[in-house]
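Trainee: In this note's numbering, the protein residues as written are 111 to 1095. We put the CB at the ideal spot given by N, CA and C, even for glycine.
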């Protein structure tokens, strides 16, 4: 008889390549589905009520029930009746995320049966798919049974579940939710339909009538209690007149009736992370457990099944029939569970050394890291292979692939909370890197999906969709191989130019398997470590961190910051030596230029020597100009001579323009004019003269304007319109609007409109708002007028004329520009102290992205003004990613104000994991670094950041201040060296 399968599972089976990728996970979940359905009683009224409820709900729905009340069975029944994807996370063989993605793709995107490899760890991969396939007219319901929070977790890393859902998608989730749901669905415990279901169950089991009433009363609607208690009554293990009060007491009676040997077997089985080989249980317990297991199977507590590994090998496996037993023992016997993990870890290690080829080893290899992590360090056996982290992960990669190595790295991160901060941060970096490396696709699957896609869609569009998924792979030789096969497939369907592009990209990846982006993620984190050391005043450790940076330019940037700090501190010798040791030629020249200027200013002869050695012209010219400006206030002729000695005419002109400004600010009007007139480049000369017109007063100012006018009149080329607009603006800025307009009207068309916009802005900046309005009214080009209104609005806001500024913004024609200007005004007003008025302004902004940007920018101010309002605005005004970003900014601001509890509540409403991690890291950073639980919280939060390499290194950058408080700059320098060593291993 063909087993009953969830419909989404059957949909995946239609695509052979897709199914092959996720078959182990689907098989493992199918076993659980069959177990649930075998013991299930049809509850049509409940199913219909749940379906009716879900049709009127969207978003996240928490399915709540007591353990054993049938929530998982209900999900299985729904999955069998409807085309709803199902994920049983405790029974997914470790790759349930990919199987979940495959179900959605098979049901809603059959034209492209391909799994995004990032879906293994990144929730946004599934969210992208849902955004692509969502259709409010055809609602999609996702069914998930997630792990409960307990002390004996089965997974090392959190589920990559999609919580940021588009319209038309509902996620029904039973188990521990890291975010606040949109609705809750509570299973009934005492309705008439449930009583009838329980009565039917007892009748089918031929339960004697005298037992039924006591059983129904004691069960209180719990179907698991009813099933076990009825069975145990038949076996004579219970008395119908004295039934336990609830499921917990039922299991307590069972536990208390066990002898020491049976208790040890029960705890060992509860500690196991997956179905345990019976031979392993016998060997580790030094007992013959078969009779005990047979008795427990008769009682309904365990499932025993035979798994065929190959034609020759089979394996007898045992597991508890329901997680209720494991969770009960985890609560009731925590010390015994910890000891059991130590025994299992020791046995696994010894067995692997003694008999590496035994079929039992699949369990040993997959679970050793978990047993090690869940055994307290004080009770942990010595010489476990997992103690050698890098070697063990490399071996795991060879035995089970990168996904297996990632799973164990997650357990090592979980365990690192018991160790020093260095080990925790180091393990986090390794885990993040493995999360990216574990993204894998085979070329055969990709080409099959591409050839399927082009049958129903355009070739170019299909190729874009496929390559977008392939680009989620980490750069390297495996990705090159996939691109090469995809290119060959393109060639086979006469897409020759696309084939050549793909083959060229493959060759580039093969030539440089480690991409710059891969190194940049690490280098950015190390730069954050170096910067923190520098800010703490630890120059040597800042330089030690900088030495670990691969990219010379980034390393030189840090070294230049150190040079500047040394100059500020007066350590000129050290700065001189360091600037000469920088390897990046251009950065070194600029650092040396800064040192040379500082040395000349203190009269050190090495300054002039260093200037002579500079080979980069722009750096040397900058230094000479700086020194010339120093001379300008006491020796004008010497300043001119220094500028004249510059080798390049362009640099000489730049120096003279700078010198003219210095003279003008020092009220040396004649010298300023003389400097401007020496400029050889006409455009720069005119621009400088016009600038002097605004800086100078009196006769010299007028003279500068006349000479600028004369220069412009002599021009006939393409520079003339630009300079005429600048001249008109200069006249408007000093109140000569009519003269400005006369100059502007020498131009025509777009050039005239551009000049008028500059005149309008200059009038407004000079205080002539009426004149500015007249100029705006004369304009015909909406783009130029919008630009001018934006500038005028900012000028009005700067002096506090908010009504006039808002009127200017409202008059802007282009919607995006109007929204951008309005958002900037709201931000400025909030910073001026009128936060609530700014919120009202934001409400009127029509473009969602600008509305979101404004709210994100004022989030710290909102948190200090009205926290409840700030929280409400997220749902009232924002959607999608910007809502998550705003809530993260709000949570961070609340943490900085000391309102950690409120921040934590807001963090639970953040749907995007990367933003939630940012908020939670801020909360953890506010904890006492001396508290041992702080490291546990940090390890848990970094586990959520194990989306990929880039995300993990970004998270580590965010916690640098916290790590510094824990271990000082020594920890930061050690971490930089460790990260690089692990990355290159």
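Using a Cβ-Cβ cut-off of 7 angstroms (strictly less than) and excluding sequence neighbours within five positions of residue 286, which residues of its own chain qualify?
Mentor: 256, 257, 258, 259
Trainee: Sorted by chain position, which residues of the same chain lie with C-beta nearer than 7 angstroms to residue 903's C-beta, five sequence neighbours on each side aside?
Mentor: 915, 918, 919, 931, 935
Trainee: From 784, 925, 392, pick the residue whose C-alpha is nearest to that of residue 896; which is it?
Mentor: 925
Trainee: Leaving aside the five residues before and after residue 636 along the sequence, list all residues of the same chain whose C-beta is less than 7 angstroms from its C-beta, in chain order.
Mentor: Once the five neighbours on either side are set aside, the close Cβ partners of residue 636 are 655, 658, 659, 1086, 1089.
Trainee: Nearest CA to the CA of residue 948: which residue from 128, 357, 964, 728?
Mentor: 964
Trainee: Spell out a yes or no on whether the region 1032 to 1048 and the region 487 to 502 are touching, meaning 3 or more CB-CB pairs, one atom from each, closer than 8 angstroms.
Mentor: no
Trainee: Taking its Cβ as the centre, do 16 or more other Cβ atoms sit within 10 Å of residue 296, making it buried, or is it exposed?
Mentor: exposed
Trainee: In angstroms with no decimal places, state the Cα-to-Cα distance between residue 805 and residue 797.
Mentor: 13 angstroms
Trainee: Does residue 111 pass the burial test, meaning 16 or more other C-beta atoms within 10 Å, or should it be called exposed?
Mentor: A caution first: residue 111 carries a pLDDT of 45, below 50, which makes its placement in the model unreliable, though a value can still be read off. Exposed is the call here.
Trainee: Please report the residue range of the alpha helix (DSSP H) in which residue 667 lies.
Mentor: 662 to 678
Trainee: Measure from the alpha carbon of residue 929 to the alpha carbon of each residue in 878, 955, 946, 634, then state which is nearest.
Mentor: 955
Trainee: Look up residue 592 in the DSSP assignment and say whether it is helix, strand or coil.
Mentor: helix
Trainee: Keeping to the same chain, check which residues put their C-beta closer than 8 angstroms to that of residue 1071; ignore five residues upstream and five downstream.
Mentor: Setting aside the 5 residues that flank it on each side, residue 1071 is surrounded in the same chain by 642, 1035, each with a C-beta closer than 8 angstroms to its C-beta; the list follows chain order.
Trainee: Which residue wins for smallest C-alpha separation from residue 84, given the options 692, 531, 767?
Mentor: The structure shown has nothing for residue 84, since the chain only spans 111 to 1095.
Trainee: Helix, strand or coil, according to DSSP, for residue 255 in the structure here?
Mentor: strand
Trainee: Could you tell me how far apart the beta carbons of residue 749 and residue 756 are, in whole angstroms, since I believe they sit closer than 8 angstroms?
Mentor: In fact, because the Cβ distance is near 12 angstroms, the residues do not count as touching under 8 angstroms.
Trainee: Near residue 885, what residues of its chain come up, given a Cβ to Cβ distance below 6 angstroms and the 5 sequence neighbours on each side ignored?
Mentor: 866, 869, 870
Trainee: Do you know whose CA, among 187, 182, 129, 171, lies nearest residue 115's CA?
Mentor: Checking every option, the nearest Cα to that of residue 115 belongs to 187.
Trainee: Taking only the alpha-carbon atoms, compute the straight-line gap between residue 520 and residue 696 and give it to the nearest angstrom.
Mentor: Spanning the two alpha carbons is a distance of roughly 42 angstroms.
Trainee: From the DSSP output, in three-state form, read off residue 119 for me.
Mentor: helix
Trainee: Determine the DSSP secondary structure at residue 473, reduced to helix, strand or coil.
Mentor: It is helical.
Trainee: Using the DSSP secondary-structure output, state which residues sit across from residue 174 in a beta bridge.
Mentor: Here residue 174 is bridged, per DSSP, to 296.
Trainee: In three-state terms, what does DSSP make of residue 605?
Mentor: Judged by DSSP in its simplified three-state form, residue 605 adopts coil rather than helix or strand.
Trainee: Classify residue 542 as buried or exposed, calling it buried when 16 or more other Cβ atoms lie within 10 Å of its own Cβ.
Mentor: buried
Trainee: Which value, in whole angstroms, describes the spacing of the CA atoms of residue 969 and residue 937?
Mentor: 10 angstroms
Trainee: Please work out which residues of its chain come closer than 6 angstroms, Cβ to Cβ, to residue 716, disregarding the five sequence neighbours upstream and downstream, and give them in chain order.
Mentor: 709
Trainee: With residue 447 as the anchor, note down where its alpha helix (DSSP H) starts and where it stops.
Mentor: 444 to 464
Trainee: Assign residue 795 to one of two classes, buried (16 or more other C-beta atoms within 10 Å of its C-beta) or exposed (fewer than that).
Mentor: Taking a 10 Å sphere around the C-beta of residue 795, we find 16 or more other C-beta atoms and assign the residue as buried.
Trainee: Quick one: residues in its chain with C-beta nearer than 7 angstroms to the C-beta of residue 743, no 5 flanking neighbours on either side, listed in chain order?
Mentor: 776
Trainee: Output the distance between the C-alpha atoms of residue 568 and residue 610, rounded to the nearest integer angstrom.
Mentor: 19 angstroms
Trainee: My output table needs one value for residue 412: the three-state DSSP class, helix, strand or coil.
Mentor: Residue 412: strand per DSSP, three-state reduction.
Trainee: Check this for me: beta carbons of residue 189 and residue 119, under 9 angstroms apart or not?
Mentor: Taking 9 angstroms as the Cβ cut-off, residue 189 and residue 119 qualify as a contacting pair.
Trainee: Within its chain, find whatever has a CB closer than 6 angstroms to the CB of residue 699; leave out the 5 residues flanking it on each side and keep chain order.
Mentor: 724, 726, 729
Trainee: Just how far apart, CA to CA, sit residue 450 and residue 325?
Mentor: In this structure, the straight-line span from the alpha carbon of residue 450 to that of residue 325 is close to 34 angstroms.
Trainee: Report the option in 113, 167, 783, 807 whose CA atom is closest to the CA atom of residue 799.
Mentor: 783
Trainee: In chain order, which continuous runs of the alpha helix (DSSP H) of length 4 or greater are located wholly inside the region 894 to 946?
Mentor: 912 to 920, 925 to 941
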